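**Student:** In UniProt numbering, the protein residues as written are 1 to 696.
Virtual Cβ for every residue (Gly too), placed ideally from N, Cα, C.
Quick caveat, the model's predicted, so the values are computed rather than measured.
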Amino acid sequence: ELFSSQVTMLCQSLDLLTFILMLHISAICPYLALETCRQWRLSNKTVNLMRNGKMPTVTIEQAQRNFIKAVKSGLLKILSKMGISLLSSYCGAQIFEIYGLGQEVVDLAFCGSVSKIGGLTLNELGRETLSFWVRAFSEDTAKRLENFGFIQSRPGGEFHANNPEMSKLLHKAIREKSDNAYTIYQQHLASRPVNVLRDLVELKSERTPIPIGKVEPATSIVERFCTGGMSLGAISRETHEAIAIAMNRIGGKSNSGEGGEDPIRWSPLTDVVDGYSSTLPHLKGLQNGDTATSAIKQVASGRFGVTPTFLVNAEQIEIKIAQGAKPGEGGQLPGKKVSAYIARLRNSKPGVPLISPPPHHDIYSIEDLAQLIFDLHQINPKAKVSVKLVAEAGIGTVASGVSKANADVIQISGHDGGTGASPISSIKHAGGPWELGLTETHQTLIQNGLRERVVLRVDGGFRSGLDVLLAAAMGADEYGFGSVAMIATGCVMARICHTNNCPVGVASQREELRARFPGVPGDLVNYFLFVAEEVRATLAQLGYEKLDDIIGRTDLLKPKHISLVKTQHIDLAYLLMNAGLPKWSSSQIRSQDVHSNGPVLDETILADPEVSDAIENEKEVSKTYPIYNVDRAVCGRVAGVIAKKYGDTGFAGQLNITFTGSAGQSFGCFLTPGMNVRLVGEANDYVGKVLNAQLD
1 ELFSSQVTML
11 CQSLDLLTFI
21 LMLHISAICP
31 YLALETCRQW
41 RLSNKTVNLM
51 RNGKMPTVTI
61 EQAQRNFIKA
71 VKSGLLKILS
81 KMGISLLSSY
91 CGAQIFEIYG
101 LGQEVVDLAF
111 CGSVSKIGGL
121 TLNELGRETL
131 SFWVRAFSED
141 TAKRLENFGF
151 IQSRPGGEFH
161 ANNPEMSKLL
171 HKAIREKSDN
181 AYTIYQQHLA
191 SRPVNVLRDL
201 VELKSERTPI
211 PIGKVEPATS
221 IVERFCTGGM
231 SLGAISRETH
241 EAIAIAMNRI
251 GGKSNSGEGG
261 EDPIRWSPLT
271 DVVDGYSSTL
281 PHLKGLQNGD
291 TATSAIKQVA
301 SGRFGVTPTF
311 LVNAEQIEIK
321 IAQGAKPGEG
331 GQLPGKKVSA
341 YIARLRNSKP
351 GVPLISPPPH
361 HDIYSIEDLA
371 QLIFDLHQIN
381 PKAKVSVKLV
391 AEAGIGTVAS
401 GVSKANADVI
411 QISGHDGGTG
421 ASPISSIKHA
431 GGPWELGLTE
441 THQTLIQNGL
451 RERVVLRVDG
461 GFRSGLDVLL
471 AAAMGADEYG
481 FGSVAMIATG
491 CVMARICHTN
501 NCPVGVASQR
511 EELRARFPGV
521 PGDLVNYFLF
531 VAEEVRATLA
541 QLGYEKLDDI
551 IGRTDLLKPK
561 HISLVKTQHI
571 DLAYLLMNAG
581 LPKWSSSQIR
591 SQDVHSNGPV
601 LDETILADPE
611 VSDAIENEKE
621 VSKTYPIYNV
631 DRAVCGRVAG
641 VIAKKYGDTG
651 FAGQLNITFT
661 GSAGQSFGCF
671 LTPGMNVRLV
681 GEANDYVGKV
691 LNAQLD
């Protein structure tokens, strides 16, 4: 058996170590990391901290063993999120996608790996590597090594699009509702260094500009806007509710994220006086008629807070397959963020860390996903079902399957986002640019005649109207804003979300910090109206009257002339390829009816006068029905009707239903208290899915 090893000084992070293992390396000696442990232990600062009892005393050998233990733990986590059980299966797997390396580098070192856009040559890569060496060993180098700002924004360090200056400019614009201030914010974004793939392209048009008055109104454009699936727990109650209220005001959609939702948020406010409500006393800037419900209710792998009542109160239901900022991992909510309120919504205990598994344990094939989509359409036939996928190579094939599985919306999530709960190791070197994921999805659906079946939604680092227009030209119908929505409601980019110590209470569950929350729903409303007006102004300059006219029009994109060594060999041909347009306009696709499950047994049950009378008047009834294996998700729609009327536990009647025969998949799903269901016969998979009652 071939055994190869690697002695290297480059393993200063877990990401690099795991990357090396993927390149057919079976053993690694990270000697520089081990030497760093030695130097750390011998440093005067460490010695003094140990001597004063401020740090546990460890020997050099113990420090090095701790490093090895941490690396092993991190490696196990990465194996888990990649779906791999054995390290031997990981070695040489090359399960990565390359961004920014030229073909000669790929052919030499990464043969067989996916690289769609080209990039650095060997000479350019060598010069970049040498520049790091020079900065480390130059005579002018100080004793302390330079911090390049890879984690937090620092003057002179790596550029971060979400930075304190950006947040200050945005806050000024939306709080003062100032067009001039928003123009300065736009100029700040336009003058930033190239840091995402879309910065390499710009819009073009051969049409004559038109008056802005001929362009569709901002009120129509904002209906295409959504906010990211940020869970209540990762962010504070104040932030979560303020975002939801703002999106409901403009006709957009907020997303509950994982973890359920308080039923108090599902009814319009009627008790607002001077901007305050006794229903939601922790918020300000409220209006009568406001609702804090999230239009999109998320179903994640842990199913925290997913109940029949939660689902029937959704306008859309999102199945989160993965998260763009940390694909392959489930939700991670540290125990210190699980307050009594959060625990109640998630049916858990305060202080207990809540970690969702990476996969849905009822989804191991596209057929399993299709069944969950069917189940959700069953309990709430009026809600569209969306499936959230991560931008990566091969997403087009997956999206085609999702479309055939009767999903109504496909969301492509890019890496350029954030999270209010996860550690740094989970979000670095993970995910891909939405520009490539959206392009592949749109092209594949067009080629397979499936584009008209689904709405395409995209998110990941959206900050301006220009981002919206570029995404539209690449094929997106709707646009998601995550981090910037948090910034608009008060985030100051402290970048300590996962510690529960957010200084302005945006991403904290500590009451004393939440009391500092500065945001009001009107701030986010102002932001989205500014973005919509930016879209209108650009459409007018391009000569188009509505957003529909440019969706999927990659012929309106052209490479931007940028003099940068790092980007001069980037090949944008894949991004600019024209795959054609769908037969319907984007507005027609967005307005089509929810995919139907067709005739189902539950309709027969609900049409029975005795059953409908028992539900309406909370009576007891006993019925018997034959069942066949084509009858799927039986009782799911009945449970939805009861949950909509009485909630999860309010039904005082009794439905005693007996079925005889062979039940299809998801028999007895979403049952609520008061439903006693008996099957005389056999059943297929997923019996009692999301069970909330009694099954014999």
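For I412 versus L389, is the C-beta spacing smaller than 8 angstroms?
**Tutor:** For the purposes of this step, residue 412 is taken as residue 412 along the sequence shown, with counting starting at 1. For the purposes of this step, residue 389 is taken as residue 389 along the sequence shown, with counting starting at 1. Yes, the Cβ-Cβ distance between I412 and L389 is below 8 angstroms.
**Student:** How would you call R590, buried or exposed, if buried means at least 16 neighbouring beta carbons within 10 angstroms?
**Tutor:** The residue given as residue 590 occupies position 590 in the sequence shown. With 16 or more other Cβ atoms within 10 Å, it is buried.
**Student:** On the three-state DSSP scale, how would you describe E511?
**Tutor:** Numbered from 1 along the sequence shown, position 511 holds the residue referred to as residue 511. It is helical.
**Student:** With a cut-off of 8 angstroms, do at least 3 Cβ pairs link the segment 549-565 to the segment 186-205?
**Tutor:** yes
**Student:** Give me the Cα-Cα distance between A476 and V194, rounded to the nearest whole angstrom.
**Tutor:** Here residue 476 refers to the residue found at position 476 of the sequence shown. Here residue 194 refers to the residue found at position 194 of the sequence shown. If you draw a straight line from the Cα of A476 to the Cα of V194, it is about 22 angstroms long.
**Student:** In whole angstroms, what is the alpha-carbon distance linking H569 and E478?
**Tutor:** Mapped onto the sequence shown, residue 569 falls at position 569. Mapped onto the sequence shown, residue 478 falls at position 478. Separation of H569 and E478 (C-alpha to C-alpha, rounded to the nearest whole angstrom) is 31 angstroms.
**Student:** State yes or no: is the C-beta of R346 within less than 8 angstroms of the C-beta of F304?
**Tutor:** Position 346 of the sequence shown, counted from the first residue, corresponds to residue 346. Position 304 of the sequence shown, counted from the first residue, corresponds to residue 304. Yes, the Cβ-Cβ distance between R346 and F304 is below 8 angstroms.
**Student:** Beta strand (DSSP E) containing V299: first to last residue?
**Tutor:** Sequence index remark: in the sequence shown, residue 299 carries index 299 (1-based). Here the beta strand (DSSP E) through V299 covers I296 to V299.
**Student:** What does the alpha-carbon distance come out to for the pair P334 and R510?
**Tutor:** Locating residue 334 in the sequence shown gives position 334, counting from the first residue. Locating residue 510 in the sequence shown gives position 510, counting from the first residue. Straight-line Cα distance between these residues: approximately 13 angstroms.
**Student:** In the structure shown, what three-state DSSP assignment does F659 receive?
**Tutor:** Taking the sequence shown and counting its residues from 1, the one referred to as residue 659 is at position 659. Secondary structure of F659 (DSSP, three-state): strand.
**Student:** Give me whichever residues DSSP pairs with G119 in a beta bridge.
**Tutor:** The count along the sequence shown starts at 1 and reaches residue 119 at position 119. DSSP output for G119 lists G100 as bridge partner(s).
**Student:** Using DSSP bridges, identify the partner residues of V385.
**Tutor:** If you number the sequence shown from 1, residue 385 lands on position 385. Paired residues: I317.
**Student:** Output the distance between the C-alpha atoms of L695 and A383, rounded to the nearest integer angstrom.
**Tutor:** On the sequence shown, residue 695 is found 695 positions in, with the first residue counted as 1. On the sequence shown, residue 383 is found 383 positions in, with the first residue counted as 1. The predicted position of L695 is uncertain, since its pLDDT is 49 and thus under 50; a value taken from the coordinates is nonetheless stated next. One C-alpha to the other measures close to 26 angstroms.
**Student:** Report the CB separation of M247 from A295 in whole angstroms; it is logged as a contact under 8 angstroms.
**Tutor:** As a working note, residue 247 is residue 247 in the sequence shown. As a working note, residue 295 is residue 295 in the sequence shown. Right, the Cβ-Cβ distance comes to about 7 angstroms (below 8 angstroms), so this counts as a contact.
**Student:** What does the Cβ neighbour count give for H498, buried or exposed, with the cut at 16 atoms within 10 Å?
**Tutor:** Along the sequence shown, read from residue 1 onward, the residue named residue 498 stands at position 498. By the neighbour-count rule (16 or more Cβ atoms within 10 Å), H498 is buried.
**Student:** Does the distance from the C-beta atom of W40 to that of A63 stay below 8 angstroms?
**Tutor:** As a working note, residue 40 is residue 40 in the sequence shown. As a working note, residue 63 is residue 63 in the sequence shown. Contact: yes.
**Student:** Go to F528, then tell me how far its beta strand (DSSP E) extends in each direction, as first and last residue.
**Tutor:** For the purposes of this step, residue 528 is taken as residue 528 along the sequence shown, with counting starting at 1. It is not in any beta strand (DSSP E) - F528 instead sits in the alpha helix (DSSP H) that spans P521 to L542.
**Student:** From the DSSP output, which residues share a beta bridge with L557?
**Tutor:** For the purposes of this step, residue 557 is taken as residue 557 along the sequence shown, with counting starting at 1. In DSSP, L557 forms a bridge with L203.
**Student:** When you compare only the Cα positions, how much space is there between V687 and A540?
**Tutor:** In the sequence shown, the residue the question calls residue 687 occupies position 687. In the sequence shown, the residue the question calls residue 540 occupies position 540. C-alpha separation (whole angstroms): 55 angstroms.
**Student:** To which residues does DSSP link T227 through a beta bridge?
**Tutor:** Numbered from its first residue, the sequence shown carries residue 227 at position 227. According to DSSP, which records beta bridges pairwise, T227 is partnered with F481.
**Student:** Tell me which same chain residues have a C-beta within less than 7 angstroms of the C-beta of S80, skipping the five on either side of it?
**Tutor:** For the purposes of this step, residue 80 is identified with residue 80 of the sequence shown, where counting begins at 1. These residues qualify, in order along the chain: P358.
**Student:** Leaving out five residues before and five after I209 in sequence, what residues of the same chain have Cβ atoms less than 7 angstroms from its Cβ?
**Tutor:** Along the sequence shown, read from residue 1 onward, the residue named residue 209 stands at position 209. It is worth fixing the name first, because residue 209 is Pro in this sequence and not Ile. Cβ neighbours of P209 within its own chain (closer than 7 angstroms, five residues either side excluded): A540, Q541 and G543.
**Student:** Taking only the alpha-carbon atoms, compute the straight-line gap between F481 and H377 and give it to the nearest angstrom.
**Tutor:** Here residue 481 is taken as the residue at index 481 of the sequence shown, counted from 1. Here residue 377 is taken as the residue at index 377 of the sequence shown, counted from 1. Those two C-alpha atoms are separated by around 26 angstroms.
**Student:** Would A242 pass as a contact of L524 if the rule is Cβ separation under 8 angstroms?
**Tutor:** Counting from 1 along the sequence shown, the entry for residue 242 is found at position 242. Counting from 1 along the sequence shown, the entry for residue 524 is found at position 524. Note that the C-beta distance between A242 and L524 is below 8 angstroms.
**Student:** Quick one, are the C-beta atoms of A27 and F67 less than 8 angstroms apart?
**Tutor:** The residue you call residue 27 lines up with position 27 of the sequence shown. The residue you call residue 67 lines up with position 67 of the sequence shown. No, they are not a contact pair.
**Student:** Spatial neighbours of A181 within its chain, please: C-beta separation below 8 angstroms, excluding the five flanking residues on both sides.
**Tutor:** As a position in the sequence shown, residue 181 is number 181, starting the count at 1. Only L169, K172 and A173 meet the Cβ criterion.
**Student:** Between the alpha carbons of Q665 and L601, how many angstroms are there, rounded?
**Tutor:** Position 665 of the sequence shown, counted from the start, is the residue given in the question as residue 665. Position 601 of the sequence shown, counted from the start, is the residue given in the question as residue 601. So the alpha carbons of these two residues sit roughly 13 angstroms apart.
**Student:** In terms of residue numbering, what span does the alpha helix (DSSP H) encompassing E435 cover?
**Tutor:** Translated into positions along the sequence shown, residue 435 becomes position 435. It spans W434 to Q447 - the alpha helix (DSSP H) in which E435 sits, taken as one unbroken run.
**Student:** Identify which residue in V454, E392 and L679 has its Cα closest to the Cα of Y628.
**Tutor:** Here residue 628 refers to the residue found at position 628 when the sequence shown is read from its first residue. The shortest Cα separation from Y628 among V454, E392 and L679 belongs to L679.
**Student:** So what's K45 in DSSP terms, helix, strand or just coil?
**Tutor:** Here the question's residue 45 lines up with position 45 in the sequence shown. Helix, per DSSP.
**Student:** Do you know whose CA, among P381, V402 and N380, lies nearest L369's CA?
**Tutor:** Start at 1 with the first residue of the sequence shown, and residue 369 comes out as number 369. Closest option to L369, Cα to Cα, is V402.
**Student:** Whose C-alpha, out of E146, V114, P521 and A472, is nearest the C-alpha of Y276?
**Tutor:** On the sequence shown, position 276 is the one that residue 276 refers to. Looking only at E146, V114, P521 and A472, the smallest Cα-Cα distance to Y276 is reached by P521.
**Student:** Quick one: give me the first and last residue of the beta strand (DSSP E) that V680 is part of.
**Tutor:** Numbered from its first residue, the sequence shown carries residue 680 at position 680. Note, V680: beta strand (DSSP E), M675 to A683.
**Student:** Does the distance from the CB of G640 to the CB of P308 come in under 8 angstroms?
**Tutor:** Here residue 640 refers to the residue found at position 640 when the sequence shown is read from its first residue. Here residue 308 refers to the residue found at position 308 when the sequence shown is read from its first residue. Contact: yes.
**Student:** Which residue or residues does DSSP assign as beta-bridge partners of T624?
**Tutor:** The residue you call residue 624 lines up with position 624 of the sequence shown. When DSSP reads this structure, T624 sits in a beta bridge with T658.
**Student:** What's the C-alpha gap between T279 and T293?
**Tutor:** The count along the sequence shown starts at 1 and reaches residue 279 at position 279. The count along the sequence shown starts at 1 and reaches residue 293 at position 293. Cα-Cα distance, rounded: 13 angstroms.
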